[in-house]
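A short write-up of the structure that comes next.
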Amino acid sequence: MIRLSMLMMLFISFSAQAELSYDLLAKLTDSPASLQGRFEQQKQIVEFDTTLTSQGRFEYQRHQFIHWMTETPIENELTMTPDDIVSRQGNNEILHIKTDKNPSVQILSNIFFAVLTAQWHDLAEFFYANGEQHGEQWHVTLTPKKQTLKQVVSSVELSGDKWLREVTLNEHNGDKTHITFSELSQSH
C-alpha cells in the first residue's frame, strides 16, 4: 500500500511538470493585440565583471510595433516595426536600420516580436523548446537550431503565467540579459 501511494505521488509530480511544447505554451498564455507595462533590465557583462540596470516602459501592437522606452539610467526610445528599427535619444535619431537590408537584424526583430507578443509558433523555426508547467506558471528554455544563431545565443529562458513575466538571454560569450515585466495591462 505504501509503495502504491509513493508511485502515485511520483506520477502526480511528474505529470505536474509536463514538458511544454509550442502548442501547449500557446494554450497557456494570452496574446493580446496590444499590451503595455514596465520593465527592469539587467545586463551582466562578464568581461568587465559588471551588471548594468535599466528601467522603463514598453508597449506593443501585435504585427505593427514594439515601443521600448528606457527611462533610467539614460532616456532612450527604441521602436521596432516589421520593416525597421529606430533608436532615439530626445529628438535625435541615433540609429535607423531597415530590416530588409540586413537579414540578421530581420531575424532578431522577428524573434523579439515573437517573444514579446507570445507568437510562440514563430519561434519554432529558430529554437527548440523545452520547459515545464506548475499550475498556471510555466518556464521554457529555448535553444537555437541554427549554427548562425548559436554563435550569438546559447539559450533564452522565458517564464510567466498568462503573460510573459521574465526573459533571460544567455549569450554565447557568457554575457546575460535578464528582463522582468510588471504592471502589465492591455492597451486600448
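Using mature numbering (1 follows the signal peptide of the UniProt record, and there is no 0), the letters of the sequence shown map in sequence onto residues -18 to -1, 1 to 170.
Note that the Cβ used here is the ideal one computed from N, Cα and C, for glycine as well.
Note that the structure is a prediction, hence the values are computed from the model and not measured.
| Asked | Found |
| --- | --- |
| Where Lys80 falls: helix, strand or coil (DSSP) | strand |
| Beta-carbon proximity list for Val135, same chain, < 8 Å, skipping 5 on both sides | Pro126, Leu151, Asn152, Glu153, His154 |
| Burial state of Ser(-6) (16 or more Cβ within 10 Å) | With a pLDDT of only 35 at Ser(-6), under the threshold of 50, the placement of this residue in the model should not be trusted, and no figure is reported. |
| Contact under 8 Å by Cβ, Arg44 with Ser3 | no |
| Pro85, buried or exposed, once every other Cβ within 10 Å from all chains shown has been counted against 16 | exposed |
| Residues near Gln71 in its chain [Cβ-Cβ closer than 6 Å; skip 5 each side] | Asn58 |
| Ser141 vs Gln18 beta-carbon contact at 8 Å | no |
| Backbone secondary structure at Trp50 - three-state DSSP | strand |
| Span of the beta strand (DSSP E) around Leu124 | 119 to 126 |
| Alpha carbon of residue 185 to alpha carbon of Pro55, nearest angstrom | Residue coverage of the chain in this structure runs from -18 to 170, which leaves residue 185 outside it and unanswerable. |
| Nearest residue (CA-CA) to Phe47, options Leu34, Thr32, Val28, Ile67 | Ile67 |
| Residue burial classification, Ile161 (beta-carbon count within 10 angstroms, cutoff 16) | buried |
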